[in-house]
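Enquirer: One structure, as structure tokens, below. Some questions next.
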Amino acid sequence: MTDTFTKDIVDGLTAKNKHLPSKYFYDDNGSRIFQEIMNMPEYYPTNAEFEILSMQSKQIIEALKFSRPFNIVELGAGDGFKTFKLLEYLVNNEVDFHYVPIDISQEAIDILTRRLKEKLPALKIDPKVGDYFEILKDNRQSDYPSLLLFLGGNIGNYLEHKAKELLALFHKNMKRGDKLLIGFDLKKNPIIIHNAYYDKHGITKRFNLNLLVRINRTLDADFKIDDFDFYCHYNPITGDVKSYIVSLRKQTVHLKAIDKYIHFDYDELIWTELSKKYALEEIDDLAEHAKFKVEHNFLDCKHYFTDSLWQK
Ligand code: AVJ
């Protein structure tokens, strides 16, 4: 039981209140299901952030007040669909910059690089595969100012103390004057949030249960997927969306690869994900705690989402 995946899964499933880390949703199949989520009309964050970067790229770049050339470093670039609008604006305006997309997935980086070379041949792209922070440290040696991108609202998956830890790490690996553009999903009418996560198509349910499929495959386990359901709940006071897998029976699952048995009670829960929604004041507090200065919030027209620009 050496690798972190196995350790995280076993720790989570043997805890008093069972839980599994949402970062493990994203195997190849999970990434595909997440694409389906992003294509649902109810999943507003994709459209909201796309609107921000389509309509306000000029304002965002002007707010940087960078000398040129500069770097744009994207953490967890993925398919880079949203970022395309920002890059397109810069290339069309002949701005001198380097784009450094970083992702842990070689496949994602290859696809992104191929697409960008085709669509924006003039773009100077310097893709990196690997751990954010190792690469950030390298970038710190660069003489040029950098804009760090952490888009998509991924910060919402972190518990408060973990979010603070992550932002402190960003801060530590930035130069004075560098900027961070970070996406936050905002508090809004709870029904809209409920419908985006507890979707009527069952896609988010499939996204969650795919984690059990992944455990079946990697740990040679025998989860009967039909014996589990999905539940999620938005608390409009705290802003927490919490997602769960629900055991529909009293049952035992065998993780054969490590010969471990996991018992489930009738209706027992596995907590799988936090997707926190923020108020603008909470964003200010987070920034201040991590010693950043909030320069501007770029909101979509419905005020569902913000790309918040911070300076070190
Ligand atoms: C990719 C973390 C931003 O929390 O909204 C979508 C993942 N989970 N539907 C989010 C997700 C359920 C998503 N993030």
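Just so you know, UniProt numbering puts 262 at position 262 of the sequence shown, and the rest follows in order with no gaps. Cβ coordinates follow ideal geometry from the N, Cα and C atoms, glycine included.
1) Using 7 Å as the threshold, is the C-beta distance between isoleucine 125 and tyrosine 99 below it?
2) Give the DSSP bridge partners of isoleucine 215, in chain order.
3) Any heavy atom of the ligand AVJ within a distance shorter than 6 Å of the CB on glycine 156?
4) Would you please state the rounded distance, in angstroms, between the beta carbons of glycine 183 and aspartate 307? I believe it to be under 8 Å.
5) For the putative contact between glycine 130 and proline 101, defined by C-beta atoms under 8 Å, what is the C-beta separation to the nearest angstrom?
6) Is any non-hydrogen atom of the ligand AVJ found closer than 6 Å to the C-beta of threonine 238, if you look at the structure I gave you?
7) Determine which residues share a DSSP beta bridge with glycine 183 and list them.
8) Suppose you measure from the CA of tyrosine 197 to the CA of threonine 14; what does that come to, to the nearest Å?
9) Drop a sphere of 10 angstroms on the beta-carbon of methionine 174, count the other beta-carbons inside from all chains shown, and report buried for 16 or more, exposed for fewer.
10) Assign phenylalanine 97 to one of three DSSP states: helix, strand, or coil.
11) Could you pull out every unbroken beta strand (DSSP E) segment of at least 3 residues lying fully inside the stretch 108 to 175, listed in chain order?
12) Quick one, which of Ala122, Ile37, Glu118 has its alpha-carbon nearest valine 95's?
13) Taking the alpha carbon of asparagine 157 as the point to measure from, which residue in Lys179, Ala168, Asp138, Asp185 has its own alpha carbon closest?
14) Is the separation between the beta-carbon of lysine 256 and that of aspartate 220 shorter than 7 Å?
15) At which residues does the beta strand (DSSP E) containing histidine 263 begin and terminate?
16) Output yes or no for whether 7 Å exceeds the beta carbon distance between aspartate 178 and lysine 260.
17) Which of helix, strand or coil does DSSP assign to asparagine 29?
18) Between the stretch 195 to 214 and the stretch 37 to 48, can you find at least three pairs of beta-carbon atoms closer than 8 Å?
19) At what residues does the beta strand (DSSP E) containing histidine 201 begin and finish?
20) CB of isoleucine 37 to nearest heavy atom of the ligand AVJ: below 6 Å?
21) Would you call the stretch 212 to 219 and the stretch 53 to 71 touching, i.e. three or more CB-CB distances under 8 Å?
22) Check each candidate in Lys85, Ile283, Asp300 and name the one with the smallest Cα separation from isoleucine 155.
23) With distance defined between alpha-carbon atoms, name the residue in Asp300, Asp267, Ser142 nearest to leucine 248.
24) Among residues of its own chain, excluding the 5 on either side of serine 22, which ones have a beta-carbon nearer than 7 Å to its beta-carbon?
25) As a quick exercise: from Val213, Ala287, Phe264, pick the residue whose alpha carbon is nearest that of aspartate 27.
26) Starting from asparagine 47 and walking both ways along the alpha helix (DSSP H), at which residues does that stretch end?
27) Would you check if the distance between the CB atom of isoleucine 262 and the CB atom of leucine 20 is smaller than 7 Å?
28) When DSSP labels each residue in this structure, what does threonine 83 get in the three-state scheme?
Expert: The answer reads as follows:
1) Numbered from its first residue, the sequence shown carries residue 125 at position 125. Numbered from its first residue, the sequence shown carries residue 99 at position 99. Yes. Within cutoff.
2) Taking the first residue of the sequence shown as position 1, residue 215 is located at position 215. Answer is none; isoleucine 215 lacks a bridge partner.
3) Taking the first residue of the sequence shown as position 1, residue 156 is located at position 156. Yes, the Cβ of glycine 156 comes within 6 Å of a heavy atom of the ligand AVJ.
4) The residue labelled residue 183 in the question sits at position 183 within the sequence shown. The residue labelled residue 307 in the question sits at position 307 within the sequence shown. About 5 Å separates the two Cβ atoms, so the contact holds.
5) Stepping through the sequence shown from its first residue, residue 130 is reached at position 130. Stepping through the sequence shown from its first residue, residue 101 is reached at position 101. No, glycine 130 and proline 101 are not in contact; Cβ-Cβ is about 12 Å, not under 8 Å.
6) Within the sequence shown, numbered from 1, the residue matching residue 238 stands at position 238. No, Cβ of threonine 238 sits at least 6 Å from all heavy atoms of the ligand AVJ.
7) Start at 1 with the first residue of the sequence shown, and residue 183 comes out as number 183. In the DSSP output, where bridge partners are listed per residue, glycine 183 has Asp307.
8) Here residue 197 is taken as the residue at index 197 of the sequence shown, counted from 1. Here residue 14 is taken as the residue at index 14 of the sequence shown, counted from 1. Cα to Cα, the separation comes out at about 26 Å.
9) Residue 174 sits at position 174 when you count from the first residue of the sequence shown. Buried, by the Cβ-count rule.
10) Residue mapping note: residue 97 aligns to position 97 of the sequence shown, counting from 1. Phenylalanine 97: strand per DSSP, three-state reduction.
11) 146 to 150
12) Sequence index remark: in the sequence shown, residue 95 carries index 95 (1-based). Comparing Cα-Cα distances from valine 95 to each of Ala122, Ile37, Glu118, the minimum goes to Ala122.
13) Counting from 1 along the sequence shown, the entry for residue 157 is found at position 157. Here the closest residue by C-alpha is Asp185.
14) Stepping through the sequence shown from its first residue, residue 256 is reached at position 256. Stepping through the sequence shown from its first residue, residue 220 is reached at position 220. Yes. Within cutoff.
15) Counting from one through the sequence shown, the residue named residue 263 turns up at place 263. Element bounds for histidine 263: 260 to 264.
16) In the sequence shown, the residue the question calls residue 178 occupies position 178. In the sequence shown, the residue the question calls residue 260 occupies position 260. No.
17) Indexing the sequence shown from 1 puts residue 29 at position 29. Three-state DSSP puts asparagine 29 in a helix.
18) yes
19) Against the sequence shown, residue 201 aligns to sequence position 201. Element bounds for histidine 201: n/a, residue is neither H nor E.
20) Within the sequence shown, residue 37 is the residue found at index 37, counting from 1. Indeed, a heavy atom of the ligand AVJ lies less than 6 Å from the Cβ.
21) Too few Cβ pairs lie closer than 8 Å, so no.
22) Taking the sequence shown and counting its residues from 1, the one referred to as residue 155 is at position 155. Out of Lys85, Ile283, Asp300, Ile283 has the C-alpha closest to the C-alpha of isoleucine 155.
23) In the sequence shown, the residue the question calls residue 248 occupies position 248. For leucine 248, the nearest C-alpha among the options comes from Asp267.
24) On the sequence shown, residue 22 is found 22 positions in, with the first residue counted as 1. Contacts found: Asn157, Thr272, Glu273.
25) Reading the sequence shown from its first residue, position 27 is the one you call residue 27. Checked all of Val213, Ala287, Phe264; the closest Cα to aspartate 27 is Val213.
26) On the sequence shown, residue 47 is found 47 positions in, with the first residue counted as 1. First-last of the alpha helix (DSSP H) with asparagine 47: 44 to 55.
27) Numbered from 1 along the sequence shown, position 262 holds the residue referred to as residue 262. Numbered from 1 along the sequence shown, position 20 holds the residue referred to as residue 20. It is not a contact, given that the beta carbons lie outside the stated cut-off.
28) Within the sequence shown, the letter at position 83 stands for residue 83. Looking at threonine 83 - three-state DSSP - the assignment turns out to be helix.
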